[in-house]
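Novice: I have a structure I would like to understand better, so I am pasting it below and will then ask my questions one at a time.
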Amino acid sequence: MNVQLYFDVLLSAISDLNDPKQIHRIAKNDLEAKLSKQAYLQAIDLWERYNTYADTMNNAVYELKPSYSGEEKPEKYIEQIVLLFDRKHELQKQILPDIKGWFASDNEYDRDQLEKVFEYLDGEKELVSETAQQTKGLDEVFFKMEQYQKEYESNRNDVLAHQGLSAVDKREELQRLREKYYEPGTAKYAQQKLKDMEARVMPPTK
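Counting in this note's numbering, the sequence shown runs from 263 upward without gaps.
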């Protein structure tokens, strides 16, 4: 049995069940049923220490909160990550010194990620201006789409509120209006038709 994987599966269930005590009971009952008395005591000791390690690491992540928004110096971000990794390795030695093999691949992954952070930050400055331009362009597109929708709804409301048009005339006028603003047969056209049907139930008043 992969003990570390077994423990990780149990720990992941804590957030699902939202009841740590229940998970501990399940773990102890399951281990007791599978193992001899001596092996059970060793497994419980390991389980409790692994829980301590996991809880302490979660707190460390919360306290350090490494994040990079592009507005602060990247050196600060790197410092936060290094502190977190150092804390992680320190806890491994303090709490679980007898099972170093569990963390070999995990620590190697940390080193790889740190290298990727350096690579990312090296090119990040060059992307800032380009990203800002792209964001501005998207904002303009969304603004135009919003204005386009408002213009359509204003015209539709005028039709619905028109006292001189019969119900049939209003349906035909809305049909022409939709074809002017949206391509027939598209999802957007169908969605707008449903909205128009809802609007006719309680038409706007002038």
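Note that beta-carbon positions come from the ideal geometry of N, C-alpha and C, so glycine has one too.
1) Where N264 and W364 are concerned, what is the direct C-alpha to C-alpha distance, given to the nearest angstrom?
2) Leaving aside the five residues before and after L272 along the sequence, list all residues of the same chain whose C-beta is less than 6 Å from its C-beta, in chain order.
3) Along the alpha helix (DSSP H) that carries D317, what are the first and last residues, could you check?
4) Is D368 buried or exposed, if buried means 16 or more other CB atoms sit within 10 Å of its CB?
5) Measure the alpha-carbon distance for A452 versus H424 and round it to whole angstroms.
6) Quick check: the Cα distance between L436 and M407, rounded to an integer number of angstroms?
7) Return the CA-CA distance between D372 and I343, expressed in angstroms with no decimal places.
8) Which residues bound the alpha helix (DSSP H) around H286?
9) On a CA-only basis, which of Y339, H351, Y302 and D281 is nearest V379? Give me that one, please.
10) Between T314 and D307, what straight-line distance do the alpha-carbon atoms span, to the nearest angstrom?
11) Rank D431, K350, Y414 and V430 by C-alpha distance to the C-alpha of K457 and give the top, closest one.
12) Does DSSP classify E352 as helix, strand or coil?
13) In this structure, how does DSSP classify P359 when only helix, strand and coil are distinguished?
14) Could you check what DSSP says for V390 in three-state terms: helix, strand or coil?
15) Can you tell me the Cβ-Cβ gap for L345 and L326, rounded? I've got them flagged as a contact below 8 Å.
16) Less than 6 Å between C-beta atoms, sequence neighbours within five positions excluded: which residues of the same chain meet that for Y312?
Specialist: On the basis of the supplied data:
1) When rounded, the separation of the alpha-carbon atoms in N264 and W364 is 10 Å.
2) Once the five neighbours on either side are set aside, the close Cβ partners of L272 are I285 and A289.
3) First-last of the alpha helix (DSSP H) with D317: K299 to L326.
4) Exposed, by the Cβ-count rule.
5) 24 Å
6) 20 Å
7) 10 Å
8) P282 to K296
9) Comparing Cα-Cα distances from V379 to each of Y339, H351, Y302 and D281, the minimum goes to Y339.
10) 11 Å
11) Y414
12) helix
13) helix
14) For V390, the pLDDT reaches just 49, beneath the cut-off of 50, and the residue's location in the model is therefore unreliable, although a value from the coordinates is still provided. DSSP places V390 in helix when its eight states are reduced to three.
15) 6 Å
16) F269
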